[in-house]
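First up is the structure itself, then whatever we jot down about it.
Number of protein chains: 2
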Amino acid sequence: MLRIRLAVVATLALVAAAPCVAAENVAAESVAASAAADKTAEAQAGTHAVASPDGVLRVEFSLVDGAPRYSASRMGAEIIGPSRMGFKLVDAPAMDAGFVVESVQRNSADTTWTQPWGEVRQVRDHHNELRIALRQKDHRARRLVVVFRVFNDGLAFRYEFPKQPNLGEFNIADELTEFAFASEAQCWWVPAFDQNRYEYVYNQTPLSEAGKVQTPFTLQTADGLCLSVHEAALTDYSSMALTRGEGTKYGAELYPWSDGTKVRAATPFVSPWRTVQAADRPGDLLASTMILNLNEPCQLEDTSWIKPGKYVGVWWEMHVGRSTWGSGEKHGATTENTKRFIDFAAKYGFDGVLVEGWNVGWDGNWMENGEKFSFTQPYPDFDLEGLAAYAAERGVTLVGHHETAGAIAHYEAQLDDAMRLYNRLGVKAVKTGYVEFADGIDRIDADGTRHGEWHHGQFMVRHYRRVAQKAAENRVMVIAHEPIKDTGIRRTLPNFISREGARGQEYNAWSGDGRNPPSHTTVLPFTRMLSGPIDFTPGVFDLKLNSGDRPNDQVSTTLAKQLALYVVLYSPMQMAVDFPEVYEQKLDALQFIRDVAVDWEESRVLDGQIGDYIVVARRQRGGGDWFLGAITDEHGRVLPTLLGFLDRGRRYKAEIYRDANDAHWDTNPEAYVVEEQTVDANTVLTLRLAPGGGQAIRFTPLPPE
Amino acid sequence: MLRIRLAVVATLALVAAAPCVAAENVAAESVAASAAADKTAEAQAGTHAVASPDGVLRVEFSLVDGAPRYSASRMGAEIIGPSRMGFKLVDAPAMDAGFVVESVQRNSADTTWTQPWGEVRQVRDHHNELRIALRQKDHRARRLVVVFRVFNDGLAFRYEFPKQPNLGEFNIADELTEFAFASEAQCWWVPAFDQNRYEYVYNQTPLSEAGKVQTPFTLQTADGLCLSVHEAALTDYSSMALTRGEGTKYGAELYPWSDGTKVRAATPFVSPWRTVQAADRPGDLLASTMILNLNEPCQLEDTSWIKPGKYVGVWWEMHVGRSTWGSGEKHGATTENTKRFIDFAAKYGFDGVLVEGWNVGWDGNWMENGEKFSFTQPYPDFDLEGLAAYAAERGVTLVGHHETAGAIAHYEAQLDDAMRLYNRLGVKAVKTGYVEFADGIDRIDADGTRHGEWHHGQFMVRHYRRVAQKAAENRVMVIAHEPIKDTGIRRTLPNFISREGARGQEYNAWSGDGRNPPSHTTVLPFTRMLSGPIDFTPGVFDLKLNSGDRPNDQVSTTLAKQLALYVVLYSPMQMAVDFPEVYEQKLDALQFIRDVAVDWEESRVLDGQIGDYIVVARRQRGGGDWFLGAITDEHGRVLPTLLGFLDRGRRYKAEIYRDANDAHWDTNPEAYVVEEQTVDANTVLTLRLAPGGGQAIRFTPLPPE
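Chains as they are written, first to last, in the numbering used here: chain A, 428 to 1132; chain B, 428 to 1132.
Shown next, in the form of structure tokens:
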């Protein structure tokens, strides 16, 4: 059985599998294999169950007249009723019925591995596995393996198509996986099958009233149970949306290629894992590392060059209308303007300076300019080489930028040169962009035929991974905007360090009344953030955008909430978006952005309700400082909070950045107070959050009493 | 102003006001008076506002065309819209309009006092007060004072009728107070204007769909805000129910005397306080001490004889049909049976032994026997004097019992003798009962005319208080069943130590399918428990009632949940209801009941959702032990819980009493595990609660490391 698994791993490894020795510390000896064949009557009938190590979650697989079904329960109560599994294939018989069980294997694992960076350093992978090999009685005995892994905090399953005589190359017409939720619930979702790349304000509706939704798809029953459906290890497949059927039953719906095919495959082949996290409190969903555990170990031999950090840059000014990406009078990416940001970064300890609009191709309607962009040639008023040196002298690096406008072939043709350039210039990270215009992502066949593809289909899944690999070869980290959703690939390729994939800060700059509402960031932690880091770009201090040219726009938070987002919305690369002159007017508040860590030893969600509020505490990696972030929606809240996470042996200085008593996101957003207090693990701090407000705290250990 | 307040206090003091020197530690010097008249234009127009010390809550009073109105907001958002105030009088013009403001006074207090027993030892009384003296332009210039007190966690107001020439004796026909809740909410309630003395399973409905409800009346908006309406210092008034008007507007409705009059009064006179607690999380409602602060200080000179404790007794056996209250073959209150309980109490450290059915009068349908009960004459087979001595020799005392069946005159005529008897026999507590039959509480006029009265009207409010006072004179504590609701009188008369006033354990013994559902005890903490201690009588180990004669009944909890109730449902007098032979089969579980404290230094609600689950931790008064109780409704739950309440300098031994992994309230209720673990303030314990289950933990400090 172990051999089978290793074979699958090898199949998945699109680059040579070279274990990250330092980062991966798999206690292989703790893997207990019990591959004894299951000979009971139940097994003969094709019914097999597997429970989580703590017994709380239980998954049951069965063949109903040869058709595979699974269901799941939690503490004896059904959470997913009998649900379909299998596939329709293009021009081939379906693989959804006529099966018999060929073999059943069980396995248990309890290992711990170390992340090069993350919300937590140590990750425990503790699960029970059930592997069921199926064979079709007809259709030339084609084989399909269904693998379940059940963790204490969630369940997962995937399909494996073993190498076999009668199934070589094949195309998936439909994945038939269902999630028949056992009860009505409230759910939070953004629409699927729309080109807008997850960039929506979340809808909240009853489960029975949603339609086609992206994942992570989070729901909470009236009794409080929280579930979130997502996928893990989406490496060479189309991404999965969910489409509601009858009542509260949802089915997987894969994003198609432009020819309608869902997935192009050849055996041996595996699907991504379909995952369902479960917790009794919304905040407990965030503690799950299941999705990371379901990804392949790190494939990079050396990860020492991958370093979390903070950056500023030439970006927000384009959004608020102060300058342009394109060349001309208002061009933002000038040598002089960039030096201003480099000086600011150097003075206040930021690691990087992002410059967008630095390269030729932006003029005109840049969203139509996919084939005009050069990824190596700067505009004449941007001295790339000189600025790289200017930055280096000051201990700062440029953050690169590649806007593709969705012209993939054009970008991939330059990818080698572009990444090599950054490597040579000491650029450690590149922000990529895929703001496609009109007909979707541009794909060009060998014969020159053009196709419009989804961001979310197999074509782009492969592209994003290819970019991350090419960047890794050049020791460049990737921050993708308009990305494919995160499914934990950061475990395998930890230089794919952050991404957008949600309605970010930028919408506050130009959406007028359509800007992100105060509740937006109180939904994200329980939905989008379950997939991985976000480059949300917090840090606006000029909340009414007085320094820009957007009189009808504003950011719907208080200033203290902007600070809290650095803790709440996890990213190992955090931007501070506002202007040097704005920050220099509020150096006391800037201090928090300077101090806050971006890499964590451990993380705790202290409390939270989806769309209402959340309180998060994280301990700095390699240090004793704790940071707390608390945010609320449009309702002011008073949250007495016990600081039991602090080291029980220490007292701490708490540097508190809070809303002033009369702060309000709309009428008085910039009213904040910075104050200090001595606290310890027994202190109850009353967090008072203004309407649309927040609070950020740094806790620094004091010398022993 | 202070003089006026003291005058009111004197009026309220139905027994001589003798401060409890040890218990009351009022820092009078911190009371800041600022009685300067408010001369602004707003004030002239009759609009005056007062905020909580932290500024979060704000109450506004105004005269609208001479009619008093108040409204309330929290962090700028309205929680109670403009609401009516005032009275209709019997045979006199109403006091609800035609007012002018005569004077406005403000006051602030920040004092701390000590409870003789309680959920917390120290109580802080921190509030701002607004006192508005009104005068009617017509109606012979009658005067009414409206007093608001705003605390950080709630607001309160009451009416004062000063001594005045044109208002002496008067009868209230209606109190017109309204609570115009500003938004829809879910609410939890038991029906008012029904004879069943709060003994209901709670209803959960939208606010706009409830009808006539008792208080505490708790609601939670979709945004999470929790409010609870109740009253404080109900000492000589009718109790207040709420009746819904339009939409989400509720009005006070007082329980009438049998002649329809609501309240009989004479100036100077005060109403109870009308209270509204507010919190962003359900559990935070429980931390409020506002209601105690609104009661008068302790009136007993010596409280040293008032001692919390635990008791067993001859009671559950009547409920499960093993014996009878009345005499005869199955009589439970025999000398021999009582000795069995005394021996058990002595052996396992219980303080008291309750014996019901000890006194003559029970034979026949005892609910009709109000005038047959003797409160001094035991049945011949019950050797009262001998048993009192037998108990005393073993360090145990009898707990007395007075069932009145609602015949108040008959009981009050014997009250002196009955209490003196207990005093002489060393009986430290009496359980009283008011299971009235048919026509309500029996009141007899001087001329012998009989009236049927409500439990909840002014007549019975006076009676319950009179009993508590008479008991205090005899150093007897009172545990009232079928009581008037608690409104904090325990501050003034701390010998009124506990009471029923909810659907207790007994319903599990004889209600069949109508027994308390698993969710019942997860609603009580957020509703009934906001008023004060409950004599719920937990501790059933034989959950299927096999030892009784009730084949169709059972208790809808696991055994571990029964243990957890000792921590969750606060009472300074806790019963352990099951039989000696049942407990002796499970001595490891009994150990928790033996160990658990009944008096507390501090209490913390760690988490909870109304009707779903609650986790409570309390520290033993005068000791370092902590106890934790966690319970859930019919849904199993997994609750990772940070133990930050533990002393940050100590390690603790945790004795854990939990549901077995396969426990279930219905199918496997008695499966429990007792285990030990070493923990500290940084430990995250995963509380796993079976469906209908719970967990109880004792934390004992270990010697310093």
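Using N, Cα and C, we set each Cβ at its ideal position, and we do this for glycine too.
- Look at G867/B here: in three-state DSSP terms it is coil, with no helix or strand label.
- Within the segment 696-784 of chain B, the runs of alpha helix (DSSP H) at least 4 residues long that lie entirely inside it are, in chain order, 709-712, 717-720, 743-746 and 762-775.
- When the Cα atoms are used, N534/B and E863/B turn out to be separated by approximately 45 Å.
- For the pair V640/B and Y627/B, the CB atoms are not nearer than the 8 Å cut-off.
- Beta-bridge partners assigned by DSSP to K1080/B: T1105/B and T1127/B.
- Not a single CB atom of chain B sits nearer than 8 Å to the CB of N630/A.
- Inclusion of A1081/A and V1106/A in the CB contact set at 8 Å is warranted, their separation being smaller than that value.
- Your pair R569/B and L594/B checks out as a contact, with CB atoms roughly 5 Å apart and the cut at 8 Å.
- Collapsing the DSSP output to three states places W793/B in a helix.
- Residue pairing by DSSP places D552/A opposite T538/A in a beta bridge.
- Between V823/A and A760/A, the CB-CB gap reaches or exceeds 8 Å.
- Residues of the segment 483-506 of chain A whose Cβ lies closer than 8 Å to any Cβ of chain B, in chain order: V483, R501, M502, G503 and A504.
- For L1069/A, the uninterrupted beta strand (DSSP E) segment begins and ends at R1064 to L1069.
- In the three-state DSSP reduction, V1043/A falls in the strand class (E or B).
- For the segment 930-943 of chain A, the set of residues with a beta-carbon nearer than 8 Å to any beta-carbon of chain B is empty.
- At a Cβ-Cβ threshold of 8 Å, M794/A and A845/A do not count as neighbours.
- At least one C-beta of chain A is nearer than 8 Å to the C-beta of H1062/B.
- Along the segment 583-600 of chain A, none of the residues has a CB nearer than 7 Å to a CB of chain B.
- Using a 10 angstroms sphere on the CB of K590/B, the tally of other CB atoms stays under 16, which defines it as exposed.
- Shortest Cα-Cα distance from Q1018/A to any of S698/A, R1077/A, S983/A and I1124/A involves I1124/A.
- Counting only unbroken stretches of 3 or more residues, the beta strand (DSSP E) elements lying wholly within the segment 583-626 of chain A are 596-602, 605-608 and 612-616, in sequence order.
- About 5 Å separates the Cβ atoms of V577/A and L484/A, confirming a contact at the 8 Å cut-off.
- The beta-carbon separation of T541/B and R548/B, rounded to 6 Å, stays under the 8 Å limit for a contact.
- Nearest neighbour of D707/A by Cα position, chosen from G1076/B, L1129/B and G1063/B, turns out to be G1063/B.
- Closer than 8 Å to the CB of P724/A there is not a single CB belonging to chain B.
- Annotation: Y497/A is outside any alpha helix (DSSP H); the continuous beta strand (DSSP E) that includes it extends over A494 to R501.
- By the Cβ criterion, the segment 1095-1102 of chain A is not in contact with the segment 1068-1076 of chain A, since fewer than three pairs of Cβ atoms, one from each stretch, lie closer than 8 Å.
- Taken through DSSP and simplified to helix, strand or coil, N935/B comes out as helix.
- Under the three-pair Cβ rule at 8 Å, the segment 1031-1038 of chain B does not count as touching the segment 766-784 of chain B.
- Residues of the segment 1091-1102 of chain A with a Cβ closer than 7 Å to any Cβ of chain B, in chain order: H1091.
- Neighbourhood of V1065/B in chain A, by CB distance below 7 Å: V483 and D707, in chain order.
- In this structure, DSSP gives V894/A a helical state, which the three-state scheme calls helix.
- If you check the CB distance, I1058/B and G1121/B come in under 8 Å.
- Three or more Cβ pairs closer than 8 Å define a contact, and the segment 924-942 of chain B falls short of that threshold against the segment 673-691 of chain B.
- If you check each beta-carbon in the segment 1016-1037 of chain A against every beta-carbon of chain B, the ones closer than 7 Å belong to Q1036.
- No Cβ-Cβ contact shorter than 8 Å links G672/B with S635/B.
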